[in-house]
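>
Residue numbers (the working numbering): 87 to 145.
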């Protein structure tokens, strides 16, 4: 399942409530996020059967 977060704070709150979920953001690595939107980062992540929280905030 993919959950879209509207902000970095919302994504971090979802991760805190569901520690087994994977957090993904657009941009450079940041505290509280497991991966970034970059092929090398995603190819190393085991997403099989996992919920992914995606955050692509506007600049």
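Beta carbons: idealized from backbone N, C-alpha and C, even for Gly.
Just so we're clear, the structure is a prediction, and the values are computed from it rather than from any experiment.
DSSP puts residue 111 in a beta bridge; with which residues?
For residue 111, which the question treats as bridged, DSSP gives the partners 122, 141.
> Determine the direct distance from the alpha carbon of residue 102 to that of residue 114, and round the result to whole angstroms.
Using only the alpha carbons, I get a separation of about 20 Å.
> If I measure Cβ to Cβ from residue 124 and keep anything under 6 Å in the same chain, skipping five residues before and after, which residues do I get?
Around residue 124: no qualifying Cβ.
> What first and last residue would you give for the alpha helix (DSSP H) that runs through residue 94?
Segment 94-103, the alpha helix (DSSP H) holding residue 94.
> With a Cβ-Cβ cutoff of 8 Å, do residue 48 and residue 90 count as a contact?
Nothing can be reported for residue 48, as the shown portion of the chain is limited to 87 through 145.
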